[in-house]
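*Asks:* Chains A and B, in that order, give the protein sequences. The first sequence begins at 671 in my numbering and counts up by one. The second sequence begins at -15 in my numbering and counts up by one. Even glycine gets a Cβ: it sits at the ideal position worked out from N, Cα and C.
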Amino acid sequence: ELKVEQNPLFLSMQEGKNYTIYCNYSTTSDRLYWYRQDPGKSLESLFVLLSNGAVKQEGRLMASLDTKARLSTLHITAAVHDLSATYFCATRNSGGSNYKLTFGKGTLLTVNP
Amino acid sequence: DTEVTQTPKHLVMGMTNKKSLKCEQHMGHRAMYWYKQKAKKPPELMFVYSYEKLSINESVPSRFSPECPNSSLLNLHLHALQPEDSALYLCASSIRMSTDTQYFGPGTRLTVL
Chain A
671 ELKVEQNPLF LSMQEGKNYT IYCNYSTTSD RLYWYRQDPG KSLESLFVLL
721 SNGAVKQEGR LMASLDTKAR LSTLHITAAV HDLSATYFCA TRNSGGSNYK
771 LTFGKGTLLT VNP
Chain B
-15 DTEVTQTPKH LVMGMTNKKS LKCEQHMGHR AMYWYKQKAK KPPELMFVYS
35 YEKLSINESV PSRFSPECPN SSLLNLHLHA LQPEDSALYL CASSIRMSTD
85 TQYFGPGTRL TVL
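1) At least one CB of chain A closer than 9 Å to the CB of LYS37 of chain B: is that the case?
2) Which residues of chain A have a Cβ atom closer than 8 Å to the Cβ of MET81 of chain B, listed in chain order?
3) Straight-line CA distance for MET(-3) of chain B to SER742 of chain A?
4) Figure out for me which residue from B:MET11, B:GLY12 and B:MET30 has the closest Cα to the Cα of TYR19 of chain B.
5) Taking only the alpha-carbon atoms, compute the straight-line gap between ALA76 of chain B and TYR87 of chain B and give it to the nearest angstrom.
6) Any idea what DSSP makes of LEU716 of chain A, helix, strand or coil?
7) Put PRO53 of chain B into one of helix, strand or coil per three-state DSSP.
8) Between the segment -14 to -6 of chain B and the segment 726 to 739 of chain A, do three or more beta carbon pairs fall short of 8 Å?
9) Taking the continuous beta strand (DSSP E) assigned at HIS745 of chain A, which residues delimit it?
10) When you check each C-beta in the segment 677 to 705 of chain A against every C-beta of chain B, which residues fall closer than 9 Å?
11) Along the chain, where does the beta strand (DSSP E) containing ASP84 of chain B start, and where does it finish?
12) For HIS13 of chain B, which three-state DSSP category applies?
13) When you check each C-beta in the segment -13 to 6 of chain B against every C-beta of chain A, which residues fall closer than 7 Å?
14) Can you tell me the Cα-Cα spacing of THR697 of chain A and LYS6 of chain B, whole angstroms?
15) Give me, in chain order, the residues of the same chain whose beta-carbon lies closer than 6 Å to that of HIS630 of chain A; leave out the 5 immediate sequence neighbours on both sides.
16) On the premise that GLN676 of chain A lies in contact with CYS693 of chain A, defined as a C-beta separation below 8 Å, what is that separation, rounded to the nearest angstrom?
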């Protein structure tokens, strides 16, 4: 059974600081997704990482994937208040019943002035 | 049109009521999904439709009944729900079932009294 672990689950940062959220998964997977969710809102797709060594950047967020280590990271650079949200990583099995996204528990990010 | 829409945004119902949630997308996606999300938890997959046919039922109780009238519409019929069914119900779609990014609608906040 595929398991996805995120850490930390709670992250309180000061504006202007850098930090990294980690996402580990337990079995072979061919892609990794990052989503953002604001309170009471839906999930917004941030990144999809398709191959080992993939790196994608959008604004102050950068995501990377190491399929050998089964690890993805979401790096936040010079955080601003608008980045406060819950961030989920998700992946699926690379074979068999690969329709199902398995989500991490989410990281609640709070950026303080 | 690059969005998934859901109606209603909020729904309050009694345990004896029958109600329906509606989801619509006009992106030409052929896979559509229903998820349930409890507060501070990741989304949980309920159903998957692929090419208007129910492909996956994640052992969801029969008081939830999905329907896909055409390639753009997805309904979730609710009957005799329990208070523990109160949650955010998210619809998502993707180009195909197995490998593509899922795009989420804004959700319906359901409260069962």
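*Replies:* This is what the structure holds:
1) Taking the first residue of the second sequence as position 1, residue 37 of chain B is located at position 53. So, not an interface residue.
2) Position 97 of the second sequence holds residue 81 of chain B. Within 8 Å Cβ-Cβ: TYR769.
3) Within the second sequence, residue -3 of chain B is the residue found at index 13, counting from 1. Within the first sequence, residue 742 of chain A is the residue found at index 72, counting from 1. MET(-3) of chain B and SER742 of chain A: Cα-Cα distance of roughly 41 Å.
4) Against the second sequence, residue 19 of chain B aligns to sequence position 35. Here the closest residue by C-alpha is B:MET30.
5) Counted from its first residue, the second sequence places residue 76 of chain B at position 92. Counted from its first residue, the second sequence places residue 87 of chain B at position 103. Distance between the alpha carbons of ALA76 of chain B and TYR87 of chain B is about 5 Å.
6) To locate residue 716 of chain A, count along the first sequence from 1; it is residue 46. Three-state DSSP puts LEU716 of chain A in a strand.
7) In the second sequence, the residue the question calls residue 53 of chain B occupies position 69. Note: PRO53 of chain B maps to strand in three-state DSSP.
8) no
9) Reading the first sequence from its first residue, position 75 is the one you call residue 745 of chain A. Unbroken beta strand (DSSP E) run through HIS745 of chain A: 741 to 746.
10) ASP700, ARG701, TYR703 and TYR705
11) Walking along the second sequence from the start, residue 84 of chain B turns up at place 100. Element bounds for ASP84 of chain B: n/a, residue is neither H nor E.
12) Within the second sequence, numbered from 1, the residue matching residue 13 of chain B stands at position 29. Reduced to three states, the DSSP call for HIS13 of chain B is coil.
13) none
14) Here residue 697 of chain A is taken as the residue at index 27 of the first sequence, counted from 1. Here residue 6 of chain B is taken as the residue at index 22 of the second sequence, counted from 1. If I take the Cα positions, the gap works out to 35 Å.
15) One cannot answer for residue 630 of chain A here, as it falls past the ends of chain A, which runs 671 to 783.
16) Along the first sequence, one-based indexing puts residue 693 of chain A at 23. Along the first sequence, one-based indexing puts residue 676 of chain A at 6. CYS693 of chain A to GLN676 of chain A, Cβ: 5 Å. Contact.
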